[in-house]
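Quick notes on the structure that follows.
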Amino acid sequence: MSGTTSGVVFSRSGDDTNMRIFRGKTLNFEIIWGGSAPIDITGYQASLQARDAAGDLMLDLSTGNGGIVIDGPTGKLSFTAAPAITDQVIKAGRYEVEMTTAGGDVYRVISGGISPVAEVVQ
C-alpha cells in the first residue's frame, strides 16, 4: 500500500492482505503496482470485488464504474467508495483486485479476507 488510506485497515496473513472496512464511511486507498519499481499500467482495466461466503457480491469497484482510477505511467490505482457503498459490506468474506491488460491478460494484484467494522456514529 502506498499513500493515505481512509475507511479501511489492511493486515498481512501469509499470502493474503486482509481488509477491515468501516461501514458507512468514505473509502480511499491507493496501490502502486510494482511497489518501489512501478509497472506502467497504461491501457489496463482494474476491478475489486468482495463477496460473502455464499458468493453474494458486497462491494464492486472498477475502472468502468469510477470506483478505481488508474494513473498508468506511475502504476497507481486509486480506490474510492461513498459511505452508501461501504455500508453494503455486512458480512465477512473475500475480496480480490484484478488487472486486465489491453491484450486481455488478467493478473491478480492483491486478495484476502474482508470484514466489516460496524459504524458507531450514526
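If you read the sequence shown in numbering that gives the first Met the number 0, its first letter stands for residue 0, the second for the next number, and so on.
Cβ atoms here follow ideal geometry from the backbone N, Cα and C, with glycine treated the same way.
Source: prediction; values computed, not measured.
| Check | Outcome |
| --- | --- |
| Stretch pair the region 29 to 38 + the region 52 to 59: three plus CB contacts closer than 8 Å | no |
| Assigned secondary structure, Ala52 (DSSP; H/G/I helix, E/B strand, else coil) | coil |
| Alpha-carbon to alpha-carbon, Gly92 and Arg50 | 6 Å |
| Start and end residues, alpha helix (DSSP H) containing Thr83 | Before going on, a small fix: residue 83 reads as Ala here, not Thr. Per DSSP, Ala83 belongs to the alpha helix (DSSP H) from 82 to 85. |
| Buried or exposed by the 16-neighbour rule on C-beta atoms within 10 Å, applied to Ser110 | buried |
| Residues bridged to Val7 [DSSP beta-bridge criterion] | Ile20 |
| Per-residue DSSP class, three states only, for Gly92 | strand |
| Host beta strand (DSSP E) of Tyr106 (start-end) | 105 to 116 |
| CA nearest to the CA of Glu117, picked from Val105, Ser12, Thr85 | At residue 117 the sequence reads Ala, which differs from the Glu that was named. Closest option to Ala117, Cα to Cα, is Thr85. |
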